[in-house]
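As structure tokens, the structure follows; a few thoughts come after it.
The following block contains the structure:
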């Protein structure tokens, strides 16, 4: 018995070190994707209070958008089959007052609206949605077109706290 234990303890660490290393991921909560030249980073639905969204609940979709194109673009619509309605919300001046614009401007290059200054309001969930699952989200851009990205519904535990919104800007992704 000891011989098998020693062999297993010797072979397992070697075997665990073999194989593909895979892509190293940053510590994001949400999903990363791309629609044409628009990079979508850390897209997620904020955690529901009681572990799930019930029918008719309202939630927030958070995301960071980076326009890598040579021309300006706009996020013109967001849709999900999981909810009745969506609305883009933008605090243009980062003053704490959100408006519902006809579109969210995405300047060309690395310039972008402040990430914490915008979100998508999700109104009227069609069915219960559990934390830790995903919902389909369709983003439509004026120039980049439309694409689907599945957004993770953030899970939380007792004692977790959400980082308060700020108008600071993350660094644009490299590469």
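Numbering (our numbering), first residue to last: 3 to 177. Even for Gly, the Cβ is constructed at its ideal location relative to N, Cα and C. Remember, it's a predicted structure, so these values are computed and weren't measured experimentally.
Per-residue DSSP class, three states only, for residue 157: Sequence index remark: in the chain shown, residue 157 carries index 155 (1-based). The answer is coil: DSSP assigns residue 157 none of H, G, I, E or B.
Exposure of residue 61, with buried meaning 16 or more beta-carbon neighbours within 10 Å: Stepping through the chain shown from its first residue, residue 61 is reached at position 59. Per the 10 Å Cβ criterion, buried.
Beta strand (DSSP E) segment containing residue 88, residue limits: Stepping through the chain shown from its first residue, residue 88 is reached at position 86. Residues 85 to 92.
One or two residues paired with residue 138 in a DSSP bridge: Within the chain shown, the letter at position 136 stands for residue 138. Paired residue(s): 152.
Residue of 145, 123, 133, 140 minimising C-alpha distance to residue 76: Within the chain shown, numbered from 1, the residue matching residue 76 stands at position 74. Residue 76 has its Cα closest to that of 145, out of 145, 123, 133, 140.
Residue 87 versus 51, 132, 46, 58, residue with shortest Cα-Cα distance: Position 85 of the chain shown, counting from 1, holds the residue named residue 87. Comparing Cα positions, the closest option is 58.
Assigned secondary structure, residue 119 (DSSP; H/G/I helix, E/B strand, else coil): Counting from one through the chain shown, the residue named residue 119 turns up at place 117. Helix at residue 119.
Selection from 158, 153, 157 that minimises the alpha carbon distance to residue 35: Here residue 35 refers to the residue found at position 33 when the chain shown is read from its first residue. Of the candidates 158, 153, 157, the one whose C-alpha sits nearest the C-alpha of residue 35 is 153.
Residue 144 in three-state terms, based on DSSP: Counted from its first residue, the chain shown places residue 144 at position 142. Looking at residue 144 - three-state DSSP - the assignment turns out to be coil, as it is neither helix nor strand.
Rounded Cβ spacing between residue 80 and residue 155 (contact assumed at less than 8 Å): The residue labelled residue 80 in the question sits at position 78 within the chain shown. The residue labelled residue 155 in the question sits at position 153 within the chain shown. A Cβ-Cβ separation of about 16 Å leaves residue 80 out of contact with residue 155 under the 8 Å criterion.
Spatial distance of residue 74 from residue 37 (CA atoms): Residue mapping note: residue 74 aligns to position 72 of the chain shown, counting from 1. Residue mapping note: residue 37 aligns to position 35 of the chain shown, counting from 1. Linking residue 74 to residue 37 through their CA atoms gives a straight-line distance of about 14 Å.
Reduced DSSP secondary structure (H/G/I, E/B, other) of residue 51: Residue numbering aside, residue 51 sits at position 49 when the chain shown is read from its first letter. Of the three classes helix, strand and coil, the one that applies to residue 51 here is coil, per DSSP.
Secondary structure of residue 37, DSSP reduced to three states: For the purposes of this step, residue 37 is taken as the residue at position 35 of the chain shown. It is a strand residue.
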